[in-house]
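Residue numbers (the numbering used here): 4 to 110.
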């Protein structure tokens with residue numbers, strides 16, 4: 004199956020809070036790209052859901068992001084060692100601070 008990703012990704016673990024309206028879910032980023040994020044979470048939202056995200060950058064800086072859930076993966080607990088629960092987010096209205104942060108990580 005051909006790779007669908009257009010942008011390079013970088014592995015980075017950062018804390019996130021997210022939700023469709025309220026930020027009532029928690030997760031950890033698994034990887035970042037200039038246009039998207041994979042969030043590891045047991046509280047994945049349905050594909051197509053608009054999501055608000057608070058990303059905690061180094062130094063405890065909080066960055067507010069918005070995007071759409073493109074896909075969600077739910078793994079049976081017995082398979083947790085092989086794969087992780089989570090969701091892929093395509094970002095919208097990407098803040099300049101996020102773009103600079105990811106660009107630096109990709110160097």
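Glycine included, every Cβ here is placed at the ideal spot set by N, Cα and C. None of the values given here were measured: they were computed from a predicted structure.
Can you round the beta-carbon distance between residue i and residue j to whole angstroms, since I take them to be within the 8 Å contact cut?
{"i": "residue 71", "j": "residue 93", "result": "5 Å"}
{"i": "residue 33", "j": "residue 11", "result": "About 15 Å; that fails the 8 Å criterion."}
{"i": "residue 23", "j": "residue 53", "result": "7 Å"}
Using the C-alpha atoms, what's the distance from residue j back to residue i?
{"i": "residue 28", "j": "residue 95", "result": "20 Å"}
{"i": "residue 50", "j": "residue 42", "result": "13 Å"}
{"i": "residue 68", "j": "residue 25", "result": "13 Å"}
{"i": "residue 56", "j": "residue 108", "result": "20 Å"}
{"i": "residue 91", "j": "residue 17", "result": "15 Å"}
Per DSSP, which one or two residues make a beta bridge with residue i?
{"i": "residue 22", "result": "55"}
{"i": "residue 30", "result": "19"}
{"i": "residue 66", "result": "58"}
{"i": "residue 40", "result": "35, 92"}
{"i": "residue 76", "result": "89"}
{"i": "residue 14", "result": "34"}
Per DSSP, what kind of secondary structure is residue i in: helix, strand or coil?
{"i": "residue 5", "result": "For residue 5, the predicted model reports a pLDDT of 49, less than 50, meaning its position is unreliable; a value from the coordinates is still stated below. In this structure, residue 5 counts as coil in the three-state DSSP scheme."}
{"i": "residue 87", "result": "coil"}
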